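Report on the structure given below.
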Amino acid sequence: MLSIIILLPLILGTTLVSWLKRFSRGVTALGAIGVSLTSFSLLLTHAKSILNGQVFLESWPWLPELGLNLSLRLDALGLMFALLITGIGTLIYIYAYYYLSPKNSLSKLYSLLMLFMAAMLGISLSNNLILLVTFWELTSISSFLLVGYWSNYEAAQRGSRIALTITGMGGLAMLGGFVLLGHITGTYEIDQILTMREQIQHHSLFVPVLLLVLLGAFTKSAQFPFHFWLPNAMAAPTPVSAYLHSATMVKAGIFLLARLAPIFVGAALYHNIVTFIGLFTLTMAAFFAIFKEDLKGLLAYSTISHLGLIVCLLGIGSPLAVAAAIFHIINHATFKAALFMIAGIIDHESGTRDLRKLSGLWQFLPFTGTLTMITAAAMAGVPLTNGFLSKEMFFTELLANLSGPVAIIFGIMATLAGIFAVAYSVRLVHGVFFDGPISKAVPNRSPHEPPFGMRAPALLLALLCILVGIAPALLVEDIINSVTRASLMQPGFEGAHLAIWHGFNLPLVMSIIALAAGAGLYFSLAKNGRIRSIDLDPKLGKLQGRVLFDLFLKYLLINSRRFKRKTESGSLQNYLLWIILFSIALVMTPLFNQGLTTGARELTHAPAIAIVLWLLLFSSCWMMLWFHHERIKAVLISGAIGLVVTMVFVGLSAPDLALTQITVDVVTTVLLLMGLGLLPQLTPYESSRTRRWRDAVIAIVAGLGIGWITWLLLTRDHESISWFFLQQSLPLGGGSNVVNVILVDFRGFDTFGEITVLGIAAIGVLCLMDGMRAHGTTMTQGLTFRFNPSPLMLRSTASWVLPLALVVSLYIFLRGHNYPGGGFIAGLITAMALIIQYIALGQDQTEQMLKVRSGRLYEVWIGVGLLIAGLTGIAAWFWARPFLTSAHIYISPPVLGELHLASAAAFDVGVYVTVVGATMLMISVLGDSRHSSMSGPMPRE
1 MLSIIILLPL ILGTTLVSWL KRFSRGVTAL GAIGVSLTSF SLLLTHAKSI LNGQVFLESW
61 PWLPELGLNL SLRLDALGLM FALLITGIGT LIYIYAYYYL SPKNSLSKLY SLLMLFMAAM
121 LGISLSNNLI LLVTFWELTS ISSFLLVGYW SNYEAAQRGS RIALTITGMG GLAMLGGFVL
181 LGHITGTYEI DQILTMREQI QHHSLFVPVL LLVLLGAFTK SAQFPFHFWL PNAMAAPTPV
241 SAYLHSATMV KAGIFLLARL APIFVGAALY HNIVTFIGLF TLTMAAFFAI FKEDLKGLLA
301 YSTISHLGLI VCLLGIGSPL AVAAAIFHII NHATFKAALF MIAGIIDHES GTRDLRKLSG
361 LWQFLPFTGT LTMITAAAMA GVPLTNGFLS KEMFFTELLA NLSGPVAIIF GIMATLAGIF
421 AVAYSVRLVH GVFFDGPISK AVPNRSPHEP PFGMRAPALL LALLCILVGI APALLVEDII
481 NSVTRASLMQ PGFEGAHLAI WHGFNLPLVM SIIALAAGAG LYFSLAKNGR IRSIDLDPKL
541 GKLQGRVLFD LFLKYLLINS RRFKRKTESG SLQNYLLWII LFSIALVMTP LFNQGLTTGA
601 RELTHAPAIA IVLWLLLFSS CWMMLWFHHE RIKAVLISGA IGLVVTMVFV GLSAPDLALT
661 QITVDVVTTV LLLMGLGLLP QLTPYESSRT RRWRDAVIAI VAGLGIGWIT WLLLTRDHES
721 ISWFFLQQSL PLGGGSNVVN VILVDFRGFD TFGEITVLGI AAIGVLCLMD GMRAHGTTMT
781 QGLTFRFNPS PLMLRSTASW VLPLALVVSL YIFLRGHNYP GGGFIAGLIT AMALIIQYIA
841 LGQDQTEQML KVRSGRLYEV WIGVGLLIAG LTGIAAWFWA RPFLTSAHIY ISPPVLGELH
901 LASAAAFDVG VYVTVVGATM LMISVLGDSR HSSMSGPMPR E
């Protein structure tokens, strides 16, 4: 059930709205609303049992050895966030239908919002830290796309890049913290980690874990000093802003702190950092919000401020403080989503969001003005609204859990934040709807109320602000207490008691001061329109977060370019020099204390064949050193070295490796020869005498280092895991050829990745060579690589080589599970036979014979091979087995007798088809006449 809640918007929602756009905008909107409501309804069906303390778990093993499982968990905390995500999301979909003009793609917006909703649901329901990180980064990517929805605007591009950079870096830091947390606890399962507070807090890595996780939470929830990305994201469409600010992305960091509270609460460093950062963010952002000229900018800074309030409460960490934080999360979602929708209505009807131009809209938009008053009052903490109650709880818990000078300073800061909040809330109402007649600067001087459907979501949320403010105990008290118990994992928590009146006390005095002083501050600033002329940006100068971020990127770019100029000389020799030097240092450092002494392992004399092979290898390498400037000879010599390596494998009783080596050697040699046809035949001489001596010393050191490592390994006893594969190859993999069983079963996922890379490489060659033309040796001084028809004897021989090679490759393929062979080797044998046809008949005639048009059909072969291999792996899921787990059975058909069938054979078919397709695609592309004009005879010079 939990997976369905996430998959509905992730798969069904994104595809459904893309398909429904062919009908009408209304049908598209109904589809999006239906998907969101379905997820919301599924959550509600289990709400009662979840709020009573029950926890739902779902888990599928993925890589259990690494602690990576697809684990989902629904408790009261996850339920509250998931309901906010889907509930507010449904209202946003309704609002977006009316807000977005027909010239903008509604289906694109809905698809991105669906992706964003699924990512946030994944964060809320994840029970595995690595899975949570995956969804966390998906929110960063989807928000990047949403903020940059209007990609033709520079502000949208800039805002999306800043948001992705800041939240992405925080996500990487958080991933590091999670890895350390998994190292400490031995698991990534959240429900298990939350029970290990003592073990975690007493570990030496606790401080790095705490700091890294806090970096992830603070960047995501726009806490100081990372707050500046949020106002820059205001270039997004208003429905996106309403969704991001109220219920989704900026609440992800809040959710993380609430989820991990059981392991952090009690650590002094956690309380000090989180409480101070939250309170400072609350006060700072509230102050700046007063002077913002853009209506959405004001709301953005107010969001940062309220997020700081929640973070401060979570930093205090007492049960009642966490309950207040939970309460304010709900309250902020209601009034902030409504206020952003109202901001969109004002912009939609008046044509501007500039507070310096807006005034006197009450006579045109009285309904919208009333909604603004209610929701702004909730934002300011006016009595009889939900915001007042959670603000009172904040004041109470701040004073109750602090003492001495710290309590006085923090109390003053909290009161100032309340004053500033009232001031910007009053400005929002008075400056837009009153403050004189409608301004002449307003583009549309005859605004009117929008359709009721556009106002309905804000109306519903405004009613909730009042109803919760009047009857909190009836509507939300049980929910808040259940969520608090789930967050702190304290079933015995008695609960907070919500009421409108708690008596005349210091928190009430702080609220009265905030209301009176905030209103007075605004009207004193607004006198004679002074507030419209105040701009803090020039006064702050380089102290602004955005400016500092731009300077950081500027100096990073300048220094990276300097480094690039010094290191990227265009010389392959220099690149290899630094790579080899770094490799030598990296490998040798841990080996210095090993010494050169012979280990305890008994040594044996080298047989004569080993000495012969060593001499052949030495001679080939010396020839390579001598002829390396002649590219064709160098390739042929490298092929000879490959043949010596093949003989070594034969001598060491490794026939599978020998077959693979010789087939790969032949195919790569042909490919290299064809590729070199586009290059001059000689490598330019770049070395001086000094350089050659330097290179010789480095080569000798590197060679001695490899010899040293080899000596250390061969002369010391070590434990081998070969016994496991030798014992389990037949019973588990169904094959006696251990090498092949490892490739298609035990390490099948590696093989699947390798053939995927091979396919990508072949397609990469196609993309690189597409449209490329090489005009003969006068330009390239190279050899022809276009396969022209060869002599009659070669053509006649090739006619019977192909069917024979196909029979051999079939034989190699079928025997591969029990004897040397397999799909990879068989694919290369088939490819070699086809290469012979290219050489003998010429490319045009061969492709005509194979029914391949310029080799493009080989792309399909790659896709089909990967599809077969992938489907073979997925099939294991239907039997609740891990990906690519093979099965084998014995059958006894008539005539044939007993047969042994293994599902790994299907995977091997995918390997075979991919290898043939990739190899032939590269061959055909390199020899394609459209890429080269060298199909005729080589001109004489």
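The sequence shown maps to residues 1 to 941 in UniProt numbering.
For every residue, glycine included, the Cβ atom is placed at its ideal position computed from N, Cα and C.
Computed from a predicted model, the values in this text were never measured in an experiment.
Counting the other Cβ atoms within 10 Å of the Cβ of S482 gives 16 or more, which makes it buried. Beta-bridge analysis with DSSP links D354 to D294. Per DSSP, F56 is one residue of the beta strand (DSSP E) stretching across F56 to L63. For H306, the CB contacts under 8 Å within the same chain, skipping 5 residues up- and downstream, are L282, H328, H332, K336 and M379 in chain order. In the three-state DSSP reduction, H328 falls in the helix class (H, G or I). DSSP, reduced to helix, strand and coil, places L603 outside both helices and strands of the structure shown, so it counts as coil.
Annotated as distal: L339 and A325, with beta-carbon spacing of 8 Å or more. The straight-line gap separating the alpha-carbon atoms of A423 and A377 is approximately 11 Å. For L682, DSSP records a beta bridge to E630. In its chain, beyond the 5 residues on either side, L313, E397 and N401 have a beta carbon closer than 7 Å to the beta carbon of A321.
Around the beta-carbon of P450, 16 or more other beta-carbon atoms lie within 10 Å, marking it buried. With fewer than 16 other CB atoms across the displayed protein chains lying within 10 angstroms of its CB, E154 is exposed.
DSSP places I531 outside any beta strand (DSSP E), giving it a letter other than H or E.
Residue nearest to F504 within the set H497, I512 and L498 is I512 (criterion: CA-CA distance). Between the alpha carbons of Y98 and F410 lies a gap of roughly 44 Å. Contact check for I836 and V801: beta-carbon distance about 6 Å, within the 8 Å limit, so the pair qualifies.
Beta-carbon to beta-carbon, W877 and V913 are separated by about 22 Å, too far to satisfy the 8 Å threshold. Check the Cα spacing between S619 and each of V644, T598 and T604: the tightest is with V644.
In the assembly as shown, C465 is a buried residue. Its beta-carbon has 16 or more other beta-carbons within 10 Å. Below 8 Å, enough C-beta pairs join the segment 729 to 737 and the segment 810 to 823 to call them touching: three or more. Distance check between L384 and each of S569, L355, V179 and A499 places A499 closest, using alpha-carbon atoms only.
With fewer than 16 other CB atoms across the displayed protein chains lying within 10 angstroms of its CB, S569 is exposed. Measuring C-alpha to C-alpha distances from L309 to each of F394, I166, F116 and S487 identifies F394 as the nearest.
Your pair A918 and A699 does not check out as a contact, with CB atoms roughly 33 Å apart and the cut at 8 Å. Take V667, set aside five residues on each side of it, and the residues of its chain with a beta-carbon closer than 8 Å to its own are L828, A831, M832, I835 and T919, in chain order. Under the three-state reduction of DSSP output, H888 falls in the strand class. Proximity to L68 across L74, S59, L758 and D75 peaks at S59, based on C-alpha coordinates. With three or more CB-CB distances shorter than 8 Å, the segment 294 to 305 counts as touching the segment 234 to 247. Assignment of E189 by DSSP, reduced to helix, strand and coil, places it in the strand class. For L794, the enclosing alpha helix (DSSP H) starts and ends at L792 to R815. A direct Cα-Cα distance of roughly 20 Å separates T370 from S439.
With the rule of 3 Cβ pairs closer than 8 Å, the segment 141 to 151 does not count as touching the segment 27 to 43. If you draw a 10 Å sphere on the C-beta of L556, you find fewer than 16 other C-beta atoms in it, and that means exposed. For D656, the number of other beta carbons within 10 angstroms of its own is at least 16, and it is reported as buried.
Counting other Cβ atoms within 10 Å of its Cβ, R631 reaches 16 or more and is therefore classed as buried.
For the 8 Å CB-CB criterion, T690 and R601 do not form a contact.
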